[in-house]
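Sequence lines, in order, name chains G and R.
Okay, so the first sequence: first residue is 169 according to my numbering, each after it adds one.
Okay, so the second sequence: first residue is 1061 according to my numbering, each after it adds one.
Scroll down for the structure; my scribbles are underneath it.
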Amino acid sequence: MNPANYLYVAALLFTIGAIGVVVRRNAIVVFMCIELMLNAANLAFVTFARINGNLDGQVMAFFTMVVAACEVVVGLAIIVTIYRSRRSASVDDASLLKR
Amino acid sequence: MTSNLLVYLIALPLFGSAVLMLAGRRSDKWGHLFATALSASSFGVGLYLFSQMLGRTGANRAVTQNLFSWISVGTFQVNAGLMLDQLSICFVLLITGVGTLIHIYSIAYMSHDLDRRRFFAYLNFFIAAMLLLVLGDSYLNLYVGWEGVGLASYLLIGFWNQKPTYATAAKKAFVANRVGDLGLSLAIMISFATLGTVSFAGVKEHAGQASTGALTAIGIMLLVAATGKSAQFPLQAWLGDAMAGPTPVSALIHAATMVTAGVYLIVRSNFIFDAAPTAQLLVAIIGAITLLFGAVIGMAKDDIKKALAASTMSQIGYMILGAGLGPVGYAFAIMHLLTHGFFKAGMFLGAGSVMHGMDDEVNMRRYGGLRKFMPITFATFGLGYLAIIGVPPFAGFYSKDKIIEVAFNMGGIKGVTLGGAAMLGAAITAFYMTRVVVMTFAGNKRWDEKAHPHESPALMWIPMVLLAAGSVASGFIFTHGNSLVNWLAPVVAPNPEHHSEMLKPAVVSIMALVSVLIGVGIAIMKYLRTEVPVVAPENVSIFTKIARRDLLQDDFNEAVFMRPGQKLTQGLVVADKALIDGAVRGVARMTVGTGSTLRNTQTGFVRSYAMWILLGAIGLIAAIWVVTL
């Protein structure tokens, strides 16, 4: 199978994730879209590793997974805390840091 | 020859001044005696050094003392060194001798003043600074003393600074002196730049190698310095106002010693002026102008101290004229300086004594007939008067006649002009001094019933008597066997081949005496034969009015320097506000403006930030793509 197809899928996933981050308001959904973008990147890394025939991309993918796991822990905790205090998970409501 | 004693001349009064200033009110009881004792001991050291000097001959008489290495930069070395030669010792004895007498006088004169201790601290400081001025062995050392006496003069003119006009007078003196000081510092800089040295010996040695232009520049700058310190035209305006200080200050600083520092500077720099004829001629011209200028002002003043101040200006004009006449004139300039130190200090002390007895009244129109009430003051003042107008055999006759004679003997138009000016000055001097004496001591009494004129205490009249003795005898002593000329010969060698006598000394003397008699006669007609009005008459000629306004010297300074100066300052303030402040504020305003514009991007919406990041990433990739394409 042509490895380029994996890259197309990765690009598609990234685009979906990016659009989701920009257009959705629910913090959980935004969060999932970020995960989607990370995994699109992972897929691209693995594909490049396969194309080039070395393990660099795969190692990088593992790093990304570890960082993503940490990010989930911290990010979910923040979202839950915001929801508890404000009774809302909308990212537009949490816009206090402005001019 | 070296001597370790020189430093004590300066250190003793300096120590006295430091003690009185640091001890403060604690020394109120004994401060004046302490200061007088230290001044007297400095005089004692001076006398001892003088007696040592008499025991040696000619060039061996000069002694030096190296104190410490002051500036050491590469090959440039300046030592803080002192030098006592035949010229310096004249000044040392005058400063410490007259200074001590005036200290004694001040004990009584200032006895009712709460700040008498501070006054004596300043007086001692002045003595130390003035001694440093005449003892320094380089222009740089002289400069330290030069500034020191300027400071002392400022402090003492403004001694009663609770009166705003007195404080202003002090400031005026200080500012005028600063202009002169600038000349001296420029002279030192030019000397260092062209000759590579600032010591008297070094400059004397290298003066031959320098160009006439450089020497003329140094000479003119030294002349500027002298005009500032010695109240010569065109920086003369401060001396009249300087009479705001206590009378002993006027006697010591503004008559006998400090104001003659300019004469010392020019005579000390004789090797420069002899090599720069233009500068030397300028010195003589300035002297001639000032001696007439001061004399004319002196005719119109009703304030006894201001009349004497104008006379001081005029007499220093004679000294500067003498110093500007070259090798033949230096010794006579110094001689007139010394005799003037005696008779003018004596007359100022006499004026102080009159003021003391008349409740500080200075207007001579309110005096009259005081000779019966103050016989000693009258006698001492009278002897000083005979000395200053040049009646033989009193001191002024010898010194002033010599200057007039030398001026005439310059020959040509120069000789006639300078000599004529000096001769005219002698007649005017006789007129205004007779006027002062007649208005004060002769005629009918014109004072209030409240005034009770009385003779001053012994502490005041003893110094006056001693100074009067100097006014009588000093001229004869200095000229007897050409003693002062020979004494000064190693420092300022008189030029032997310069003896083109235009007029015989006897002819000059007779001419001078006749002009003096004319001046005295007119004054007697005007002020003794006719009653002196108590209030100065207003319906006088325009010339009298101008002379009363000090020949418009203040009006000139105001119109030419002060008003344009104020305009310039106002312009600078506007420029400062508009340009400098404008630039600074403009930068600040621009930063604030940029900030508040950029702040609009901070919406607080996370999704908008994400959008910006995305657009940025796309832009970056697009840029890389374009570049690598």
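Glycine included, C-beta positions come from ideal geometry on N, C-alpha and C.
Since we're looking at a predicted model, the values are computed, not measured.
Next on the checklist: Which runs of the alpha helix (DSSP H) at least 4 residues long sit entirely within the stretch 1422-1486 of chain R? Give them in chain order.
Outcome noted: 1435-1449, 1455-1468
Next on the checklist: Quick check: what's the CA-CA separation for R:L1347 versus R:F1603?
Outcome noted: For the record, residue 1347 of chain R in the displayed sequence is Gly; it is not Leu. Their backbone Cα atoms lie some 22 Å apart in a straight line.
Checklist entry - So, are the CB atoms of R:F1713 and R:T1160 less than 8 Å apart? => result Residue numbering for chain R in the displayed model covers 1061 to 1689; residue 1713 of chain R lies beyond these limits and cannot be assessed.
Next on the checklist: Residues in the same chain with beta-carbon distance under 7 Å from R:P1523, minus the five sequence neighbours each way, listed in chain order, please.
Outcome noted: L1161, I1162, I1164, Y1165, L1409
Next on the checklist: Is there a C-beta anywhere in chain G that falls below 8 Å from the one on R:F1665?
Outcome noted: yes
Next on the checklist: Counting only beta-carbon separations shorter than 8 Å, does G:L223 have a partner in chain R?
Outcome noted: no
Item to check | Limits of the alpha helix (DSSP H) - the one that R:N1184 falls within | outcome: 1176-1195
Item to check | Runs of alpha helix (DSSP H) lying entirely within the stretch 1576-1622 of chain R, each at least 4 residues, in chain order | outcome: 1602-1608, 1613-1617
Next on the checklist: Considering only the alpha carbon of each residue, which of R:L1632, R:H1314, R:F1616 lies closest to R:G1698?
Outcome noted: What the structure shows of chain R is the stretch from 1061 to 1689, and residue 1698 of chain R is not part of that stretch, so it cannot be assessed.
Checklist entry - So, using beta-carbon positions, are R:K1366 and R:M1303 closer together than 8 Å? => result For R:K1366 and R:M1303, yes; Cβs fall inside 8 Å.
Item to check | Neighbour flag for G:L244 against chain R, beta carbons, 8 Å | outcome: no
Checklist entry - Roughly how many whole angstroms lie between the Cα atoms of R:I1684 and G:M228? => result 23 Å
Next on the checklist: Less than 7 Å between C-beta atoms, sequence neighbours within five positions excluded: which residues of the same chain meet that for R:A1058?
Outcome noted: No information on residue 1058 of chain R is available, as it lies outside the stretch 1061 to 1689 that chain R covers here.
Item to check | Residue-chain proximity (R:L1680, chain G), Cβ-Cβ < 8 Å | outcome: no
Checklist entry - Is any beta-carbon of chain R found at less than 8 Å from that of G:A186? => result For G:A186, the answer is yes, since a Cβ of chain R falls inside 8 Å of its Cβ.
Item to check | Residue from R:M1434, R:A1393, R:T1399 with nearest C-alpha to R:S1413 | outcome: R:M1434
Next on the checklist: Determine, for G:L264, whether the minimum Cβ-Cβ distance to residues of chain R falls below 8 Å.
Outcome noted: With 8 Å as the cut-off, G:L264 counts as an interface residue toward chain R.
Next on the checklist: On the CB-based measure, 16 or more other CB atoms within 10 Å of its CB, does R:M1585 come out buried or exposed?
Outcome noted: exposed
Next on the checklist: Using a Cβ-Cβ distance cut-off of 8 Å, determine whether R:L1675 contacts chain G.
Outcome noted: no
Checklist entry - Going straight from the alpha carbon of R:A1286 to that of R:L1325, what length do you get? => result 7 Å
Checklist entry - Of all Cβ atoms in chain G, is any one closer than 8 Å to the Cβ of R:A1670? => result yes
Checklist entry - Is R:Q1626 close to chain G, meaning its C-beta is less than 8 Å from at least one C-beta of that chain? => result With 8 Å as the cut-off, R:Q1626 does not count as an interface residue toward chain G.
Checklist entry - When DSSP builds the beta bridges, which residues end up paired with R:V1152? => result Its beta-bridge partners do not exist; DSSP assigns none.
Next on the checklist: Counting only beta-carbon separations shorter than 8 Å, does R:Q1662 have a partner in chain G?
Outcome noted: yes
Checklist entry - Is G:G185 near G:L204, with beta carbons less than 8 Å apart? => result At a Cβ-Cβ threshold of 8 Å, G:G185 and G:L204 count as neighbours.
Next on the checklist: Do R:Y1226 and R:W1220 count as a contact pair if the criterion is CB distance below 8 Å?
Outcome noted: Cβ distance < 8 Å, so R:W1220 and R:Y1226 count as in contact.
Checklist entry - If you run the structure through DSSP and keep just helix, strand and coil, what is R:T1240? => result Rather than Thr, the amino acid found at residue 1240 of chain R in this sequence is Gly. It is helical.
Checklist entry - First and last residue of the alpha helix (DSSP H) that includes R:V1388? => result 1387-1417
Next on the checklist: For a contact defined as C-beta to C-beta under 7 Å, what are the partners of G:V259 on chain R?
Outcome noted: V1666, R1667, listed in chain order.
Checklist entry - Under a CB-based cut-off of 8 Å, is G:V315 close to chain R? => result The shown model of chain G, from 169 to 267, leaves out residue 315 of chain G, and the question about it has no answer.
Next on the checklist: Less than 8 Å between the C-beta atoms of R:M1061 and R:V1123, yes or no?
Outcome noted: Closer than 8 Å, so yes.
Item to check | Residue ranges of each alpha helix (DSSP H) within the stretch 1255-1324 of chain R, 4 or longer | outcome: 1260-1266, 1272-1289, 1298-1301, 1307-1311
Item to check | R:L1065 - DSSP class collapsed to helix/strand/coil | outcome: coil
Checklist entry - Where does R:V1138 fall in DSSP's three states? => result strand
Checklist entry - If we ignore side chains and look at the alpha-carbon of each, how far apart do R:F1234 and R:L1211 end up? => result Approximately 8 Å, taken between the alpha carbons.
Checklist entry - How many Å lie between R:M1415 and R:K1232 at the Cα? => result 24 Å
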